[in-house]
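There are 2 protein chains.
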Amino acid sequence: MKSKYVSIKDVAKITGLSPGTVSRALSRPEMVKEVTRKRILDTVSQLGYVTNGVARALVNSKSYTVGAVIPRFGSATFSTMLQTLESSLEKGGYRLLLSMPEISRVNEPSNIRTLIESGIDALVLLGALHPPETLAIIQNRNIPVVTMWSAVPGPLPGVHVDEQAGAFLIINHLASLGHQKIAFISGVTQNNERAAQRLRGIQLAVIANRMTLDEANIIETRYGFEEGFKAALALVDRSHDITAIVCGNDYLATGALSALKSRGIRVPQDISVTGINDNDYAAYLNPSLTTISIPFEQIGQTAAKYLIEVLKGNHTPNVETHELKLVVRESTGQVRKNNLS
Amino acid sequence: MKSKYVSIKDVAKITGLSPGTVSRALSRPEMVKEVTRKRILDTVSQLGYVTNGVARALVNSKSYTVGAVIPRFGSATFSTMLQTLESSLEKGGYRLLLSMPEISRVNEPSNIRTLIESGIDALVLLGALHPPETLAIIQNRNIPVVTMWSAVPGPLPGVHVDEQAGAFLIINHLASLGHQKIAFISGVTQNNERAAQRLRGIQLAVIANRMTLDEANIIETRYGFEEGFKAALALVDRSHDITAIVCGNDYLATGALSALKSRGIRVPQDISVTGINDNDYAAYLNPSLTTISIPFEQIGQTAAKYLIEVLKGNHTPNVETHELKLVVRESTGQVRKNNLS
DNA sequence: TTGTATGCGTTATCAG
DNA sequence: CTGATAACGCATACAA
């Protein structure tokens, strides 16, 4: 398959110089005489020559591309995190090759293999928990990795978010307002360490505050408006003494809110609804919702910066040790106080 | 820079076969004897050999990668569109190289050049309107392109959304409810053909329905909660006879809603608020909001499918003609009716 | 400072 | 069915 584009040889031919010189003029300008360089640059722009990054990547075994596998949960996608990740990478001269499989269909090792075949220099993953095969690939290729938004410590370096601390913020807040008996609408915890840690944190905080969270009042469901709606209805039909419903994410909280309203239940006067937020929407739109938000901007940015450092050779990409300096623990967000009774 | 990974030669050496045969066993299994292939496959998995896609891309001048430049507007990102784009590409065996610059800082030609250097096979752009330089690059490289969510006809093939028709849906609806004098909070129309067409559509529909939309009641502002909030306050302070506020996107609508509530204005009894949605959130969360939504899933999917066909050679990637078959005109979404007085 | 030659890992062509 | 060889476009070591 013969390419039809201008190559370095064409530029060489026209300028009467050698391919080597042209190459140098482009990537090591200081190694070439002023006039020669100018002549080359002129013909380059005249011919519309564009470096073939594939060939360059082959010889350098470096593609300046970072791959990311970011599973999504229904319509919950991590746009802010992605944005900051991408723009931070871009600032460092890297491109983002993105794989975002639906979580129910995710086959991480396979996704990673595809990315590696594409010639990525580093890898971004969501969360700390990964199948052994994933770890094997990473170890085997010795490819720099960073995990984003891990909720539990893991073997890979990553930007950690303390989901349990977030849960404590919420429950402590509710306790301070005098709430006693609460319910929790959780996301599916299987294969989702964040959901699992949120649930665990809620349970621990409830105990610490001597509150009550009956097993029957923990509903585990997929993230979604409708799911939150149904779960909330089930809860209020079942237990009449709940004063607060905490939700594992903002979709659930939003659905729950609608459900309560449809029953004529006042929020937050009769029942308080709290959401752990993946999105800034719910929090803004409905002030009757108590929310705690995740610092997505920071996560993406920190992850990108770390990788760029590693790729510069400034860190040893040792997959055995956790990069503690990058752990974001101090802030999972603030609780927006509102006029709960 | 000597690569440290297993290559096809290593597999060849161990199996005692030639590199060519190993290559064939992997990419053209039918051309190689059953036993030989099995022997190769065994050593391949034993050595953990992974094809070097960069080398493959070089010789084939095909990388199975599609580049996309999707500017974002503040926190408005097109997650659903991206999701369906990515997953549809993936089904067709393509990877997505994503560039998502903040719209205020976008330098499209430069972004495209970077993607092209990376060796993409095709390009995805947002909207129909692009600087001449962009068109020149595309023409020059003769690279397959598709535009997503173009609001006006353009020189490039694309998935078109009729924003004006959407605007008519809204205004006709308001007219049928008896509204006479309305206001419009628009996104910044400069460099945003969608925002511009929304505004234009609203104006035309207002005339067609013999309604009133004073120049002073058109506020153009950045997309955002706060911006919508401020704009709505300004409107109600200025004009006391408006019965409906239409907003250019859901962030604006959400902010406007909050503003009216803060003034004790009932929605929709006193003033009706309508949003054109980039997001399913506002619509769900607040039933007092009338919304019209954009079919993002379809857009991403259609764009991907088109490109895959083009790359298969089934369409001529002629940048001169608009791919009419791909234009999505029939549905920019439904108006959710609500109990407007 | 510039030219020449070689190799990066793969696939395609052409013999055998 | 398999092997040898030449390319893909670029970067670099080495020679001039």
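Listed in order, the protein sequences are those of chains D and X. Per our numbering, the first sequence starts with residue 76, numbered consecutively. Per our numbering, the second sequence starts with residue 76, numbered consecutively. Where is the CB? At the ideal position from N, CA and C, for every residue including glycine.
Report task. Would you mind telling me which residues of chain D sit closer than 8 Å to VAL97(X), beta carbon to beta carbon, in chain order? Result -> Mapped onto the second sequence, residue 97(X) falls at position 22. Chain D residues near VAL97(X): none, gap ~16 Å exceeds 8 Å.
Requested in this report: Flag LEU101(X) as yes if its beta-carbon sits less than 8 Å from any beta-carbon of chain D, otherwise no.
Outcome: Counting from 1 along the second sequence, the entry for residue 101(X) is found at position 26. So, not an interface residue.
Query - Three-state secondary structure (DSSP) of ASN352(X) - result: Counting from 1 along the second sequence, the entry for residue 352(X) is found at position 277. Here ASN352(X) sits in strand by DSSP.
Query raised in the report: Could you give the residue range of the beta strand (DSSP E) that holds SER174(X)?
Result: Taking the first residue of the second sequence as position 1, residue 174(X) is located at position 99. Note, SER174(X): beta strand (DSSP E), 170-174.
Requested in this report: Quick one: residues in its chain with C-beta nearer than 8 Å to the C-beta of GLU268(D), no 5 flanking neighbours on either side, listed in chain order?
Outcome: As a position in the first sequence, residue 268(D) is number 193, starting the count at 1. Excluding sequence neighbours, GLU268(D) sits near GLY202, ALA203, LEU204, SER225, ALA226, VAL227.
Query raised in the report: Within the present structure, is the beta-carbon of GLU109(X) separated from the nearest heavy atom of the ligand ZN by less than 7 Å?
Result: Among the ligands in the structure shown, none appear at all, so the ligand ZN cannot be discussed.
Query raised in the report: Would a check of beta-carbon distances place ASN393(D) closer than 8 Å to chain X?
Result: Position 318 of the first sequence, counted from the start, is the residue given in the question as residue 393(D). The pLDDT assigned to ASN393(D) is 42, lower than 50, so where the model puts this residue is not dependable; a value taken from the coordinates is nonetheless given after this. No, its Cβ sits nowhere closer than 8 Å to a Cβ of chain X.
Query raised in the report: Which residue comes first and which comes last in the alpha helix (DSSP H) that contains PHE371(X)?
Result: Here residue 371(X) refers to the residue found at position 296 when the second sequence is read from its first residue. Its alpha helix (DSSP H) spans residues 371-387.
Query raised in the report: For the candidate residues ALA143(D), ALA280(D), GLU105(D), ALA309(D), whose alpha-carbon lies nearest to that of LEU244(D)?
Result: For the purposes of this step, residue 244(D) is taken as residue 169 along the first sequence, with counting starting at 1. LEU244(D) has its Cα closest to that of ALA280(D), out of ALA143(D), ALA280(D), GLU105(D), ALA309(D).
Query raised in the report: Thinking C-alpha only, which one of VAL311(X), LEU386(X), THR349(X) is nearest GLY323(X)?
Result: Position 248 of the second sequence, counting from 1, holds the residue named residue 323(X). Checked all of VAL311(X), LEU386(X), THR349(X); the closest Cα to GLY323(X) is THR349(X).
Requested in this report: Could you spell out where the beta strand (DSSP E) holding SER368(X) opens and where it closes?
Outcome: Position 293 of the second sequence holds residue 368(X). Counting along the chain, the beta strand (DSSP E) containing SER368(X) begins and ends at 364-368.
Requested in this report: Would you grab the beta carbon distance between ASN292(X) and LEU310(X) for me? Rounded to a whole angstrom, and I think it's under 8 Å.
Outcome: Along the second sequence, read from residue 1 onward, the residue named residue 292(X) stands at position 217. Along the second sequence, read from residue 1 onward, the residue named residue 310(X) stands at position 235. The Cβ separation is near 6 Å, so the contact holds.
Query raised in the report: DSSP on ILE145(D), reduced to helix/strand/coil?
Result: Counting from 1 along the first sequence, the entry for residue 145(D) is found at position 70. It is coil, neither helix nor strand.
Query raised in the report: What residues from chain X crowd round ILE191(D), counting only those whose CB sits closer than 8 Å?
Result: For the purposes of this step, residue 191(D) is taken as the residue at position 116 of the first sequence. Ordered by position in chain X, the residues that pass the 8 Å Cβ test against ILE191(D) are VAL125.
Report task. Assuming ALA197(D) and ILE218(D) form a contact by the criterion Cβ under 8 Å, report the distance between their Cβ atoms to the nearest whole angstrom. Result -> Here residue 197(D) refers to the residue found at position 122 of the first sequence. Here residue 218(D) refers to the residue found at position 143 of the first sequence. Right, their Cβ atoms sit about 6 Å apart.
Query - VAL129(X) (DSSP reduced to helix, strand or coil) - result: Translated into the one-based positions of the second sequence, residue 129(X) becomes position 54. In this structure, VAL129(X) counts as helix in the three-state DSSP scheme.
Query raised in the report: Hey, how far is the Cα of PRO176(D) from the Cα of GLU302(D)?
Result: Walking along the first sequence from the start, residue 176(D) turns up at place 101. Walking along the first sequence from the start, residue 302(D) turns up at place 227. Using only the alpha carbons, I get a separation of about 21 Å.
Query raised in the report: Under three-state DSSP, which class holds ASN393(X)?
Result: Taking the first residue of the second sequence as 1, we reach residue 393(X) at position 318. Note that ASN393(X) scores a pLDDT of 42, beneath 50, so its modelled location is shaky and nothing firm can be said.
Report task. For GLN158(D), decide whether its Cβ has a neighbour in chain X, counting only Cβ atoms nearer than 8 Å. Result -> Along the first sequence, read from residue 1 onward, the residue named residue 158(D) stands at position 83. Cβ-Cβ to chain X under 8 Å: yes for GLN158(D).
Query raised in the report: For ASN215(X), which residues in chain D fall below 8 Å Cβ to Cβ?
Result: Counting from one through the second sequence, the residue named residue 215(X) turns up at place 140. Ordered by position in chain D, the residues that pass the 8 Å Cβ test against ASN215(X) are GLY123.
Query raised in the report: Are GLY142(D) and LEU92(D) touching if we call contact CB-CB under 8 Å?
Result: Position 67 of the first sequence, counted from the first residue, corresponds to residue 142(D). Position 17 of the first sequence, counted from the first residue, corresponds to residue 92(D). Contact flag unset, no.
Query raised in the report: If you draw a straight line from the C-alpha of VAL220(D) to the C-alpha of GLN214(D), how long is it?
Result: For the purposes of this step, residue 220(D) is taken as the residue at position 145 of the first sequence. For the purposes of this step, residue 214(D) is taken as the residue at position 139 of the first sequence. Answer to the nearest angstrom: the Cα atoms are 10 Å apart.
Report task. Taking only the alpha-carbon atoms, compute the straight-line gap between SER162(X) and THR296(X) and give it to the nearest angstrom. Result -> Taking the first residue of the second sequence as 1, we reach residue 162(X) at position 87. Taking the first residue of the second sequence as 1, we reach residue 296(X) at position 221. Cα to Cα, SER162(X) sits roughly 34 Å from THR296(X).
Query - Delimiting residues of the alpha helix (DSSP H) encompassing PHE243(X) - result: Within the second sequence, the letter at position 168 stands for residue 243(X). Unbroken alpha helix (DSSP H) run through PHE243(X): 238-251.
Query raised in the report: Expressed to the nearest angstrom, what Euclidean distance is found between the alpha-carbon atoms of THR209(D) and LEU122(X)?
Result: Residue mapping note: residue 209(D) aligns to position 134 of the first sequence, counting from 1. Residue mapping note: residue 122(X) aligns to position 47 of the second sequence, counting from 1. Going from the Cα of THR209(D) to the Cα of LEU122(X) covers about 16 Å.
Requested in this report: Identify whether SER136(D) lies in helix, strand or coil by the three-state DSSP scheme.
Outcome: One-based indexing of the first sequence puts residue 136(D) at position 61. Three-state DSSP puts SER136(D) in coil, outside helix and strand.
Query - Strand pairing of GLY330(X), partner residues [DSSP] - result: Here residue 330(X) refers to the residue found at position 255 of the second sequence. None, per the DSSP bridge assignment.
Query raised in the report: Do the stretch 337-347 of chain X and the stretch 311-319 of chain D touch if we need at least three Cβ pairs shorter than 8 Å?
Result: no
Query raised in the report: Start and end of the beta strand (DSSP E) containing THR222(D)?
Result: Along the first sequence, read from residue 1 onward, the residue named residue 222(D) stands at position 147. Where THR222(D) is concerned, the enclosing beta strand (DSSP E) stretches over 220-225.
Query raised in the report: If we cut at 8 Å on Cβ distances, does THR425(D) have a partner in chain X?
Result: Residue 425(D) falls outside the range modelled here, since chain D spans only 76 to 416, and no answer is possible.
Report task. Could you list which residues in chain X have their beta carbon closer than 7 Å to that of SER120(D), in chain order? Result -> Here residue 120(D) corresponds to residue number 45 of the first sequence, with the count starting at 1. Going along chain X, no residue has its Cβ under 7 Å from SER120(D), so there is no contact; the nearest lies around 12 Å.
Requested in this report: Pull up the DSSP beta-bridge partners for LYS113(X), would you.
Outcome: Here residue 113(X) refers to the residue found at position 38 when the second sequence is read from its first residue. Its beta-bridge partners do not exist; DSSP assigns none.
Report task. Output yes if chain X places a C-beta closer than 8 Å to the C-beta of GLY128(D); else output no. Result -> Residue mapping note: residue 128(D) aligns to position 53 of the first sequence, counting from 1. Output row for GLY128(D): interface = yes.
Query raised in the report: Leaving out five residues before and five after ASN186(X) in sequence, what residues of the same chain have Cβ atoms less than 7 Å from its Cβ?
Result: Start at 1 with the first residue of the second sequence, and residue 186(X) comes out as number 111. Result list for ASN186(X): VAL144, SER174, PRO176, in chain order.
Query raised in the report: In angstroms, rounded to a whole number, what distance separates the CA positions of THR377(D) and MET106(X)?
Result: For the purposes of this step, residue 377(D) is taken as the residue at position 302 of the first sequence. For the purposes of this step, residue 106(X) is taken as the residue at position 31 of the second sequence. Their backbone Cα atoms lie some 48 Å apart in a straight line.
Query raised in the report: Looking at the C-beta of GLU161(D), does it have a partner C-beta in chain X at a distance below 8 Å?
Result: Indexing the first sequence from 1 puts residue 161(D) at position 86. By this cut-off, GLU161(D) is an interface position.
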